[in-house]
Amino acid sequence: MVLPGGTAPEQVEQAVLAEQSGWDGVFVWEAASGVDAWSLLAAMAVVTTRVRLGTMLTPLPWRRPWKVASQVATVDQLSNGRAVLGIGVGAVTDDLPLTGETTDLRERAAMMDDGIDLMRTLWAGGTSHHGPHYDYKVERDDPAEVGRPVQDRVPIWVVAVWPRPKSLRRVLKCDGVIPGHGGGPDEMRAMRAWLVERGAPEDLDILTEGETPGDDPAAARAQVAPWADAGCTWWMETRWELPHHSPERMREIRARIAAGPPA
1 MVLPGGTAPE QVEQAVLAEQ SGWDGVFVWE AASGVDAWSL LAAMAVVTTR VRLGTMLTPL
61 PWRRPWKVAS QVATVDQLSN GRAVLGIGVG AVTDDLPLTG ETTDLRERAA MMDDGIDLMR
121 TLWAGGTSHH GPHYDYKVER DDPAEVGRPV QDRVPIWVVA VWPRPKSLRR VLKCDGVIPG
181 HGGGPDEMRA MRAWLVERGA PEDLDILTEG ETPGDDPAAA RAQVAPWADA GCTWWMETRW
241 ELPHHSPERM REIRARIAAG PPA
């Protein structure tokens with residue numbers, strides 16, 4: 001379940017309800033401002049025991065990757081190894097605050113590649129990284145072991161667009177793909193085959209998203225089944241349309257969560 005918004009207490013309560021209702025993961029939107037995604041996930045981590053917790057998604061080029069690495073490791077420790085990091089280059093939209101961040105697409109893509117490498121280094125206990133965009137060095141002899149995640153490899157899910165090879169090759173050093181620009185089950189099947197042929201693991205996570213009815217399990221199953229048959233491993237239940245925070249939307253989200261996932 002991808003939570004569209006609400007206050008921090010509302011979303012924490014929704015995460016608890018999601019775990020009780022059989023969902024496998026709870027994901028939150030990382031906005032430019034407002035409720036902080038990683039503080040929210042940390043709170044969820046201590047009141048749940050089973051669900052995966054992550055962002056959908058973190059605009060990595062607009063964040064300091066060493067700070068993101070610390071936030072993810074903290075949530076992973078608090079949740080005993082349930083953190084997932086979903087990343088993309090960030091969407092340049094009319095409502096984006098004017099903060100002076102890089103908006104050139106190629107530069108953001110290069111920053112994301114370098115950021116992935118830096119985070120992996122820090123999670124492995126490394127203390128230095130020298131890349132095209134980021135330099136990081138800790139002036140001490142011993143790494144900060146207390147800041148490492150519980151998981152041997154924190155899953156990184158990255159946005160990629162089929163059939164763009166440069167975009168897709170980035171997936172090969174990550175653990176999952178968030179398909180961009182839509183496409184149907186046939187496109188998903190072709191993308192998965194392309195990635196596996198080039199070394200991606202057979203169990204690579206492939207996401208798809210949409211809205212299923214909570215009051216018609218058969219219809220929900222029929223909607224999701226073609227995507228599972230095409231190789232998708234996660235159905236992300238979403239409610240992206242505005243408004244995100246109204247009382248009516250919060251009642252709708254709570255009812256959909258309580259109905260449980262498409263089986």
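As numbered in UniProt numbering, residues 1 to 263 make up the sequence shown, in order.
Even for Gly, the Cβ is constructed at its ideal location relative to N, Cα and C.
- Around the beta carbon of E237, a 10 Å sphere encloses 16 or more other beta carbons of the protein chains shown; the residue is thus reported as buried.
- Just measuring C-alpha positions, the residue of P185, G214, R192 and D216 sitting nearest P226 is P185.
- When the alpha-carbon of P163 is set against those of M191, P65, D175 and K173, the nearest one is in M191.
- Contact between R148 and G125 holds, with the beta-carbon distance rounding to 6 Å and staying under 8 Å.
- Excluding five sequence positions before and after A200, the CB atoms of its chain that fall closer than 7 Å to its own CB belong to V171 and L172, given in chain order.
- Pairing R52 with E19 gives a Cβ-Cβ distance that is not under 8 Å.
- The region 110 to 124 makes contact with the region 63 to 83, as at least three CB pairs between them are under 8 Å.
- Distance from the Cα of S39 is smallest, within the candidate group A218, A83 and H245, for A83.
- Here the alpha carbons of V150 and A73 stand approximately 8 Å from one another.
- Straight across, the Cα-Cα distance linking G88 with P155 is about 14 Å.
- Annotation for G5: H244 and H245 place their beta carbon closer than 6 Å to its own, counting only its chain and skipping 5 residues before and after.
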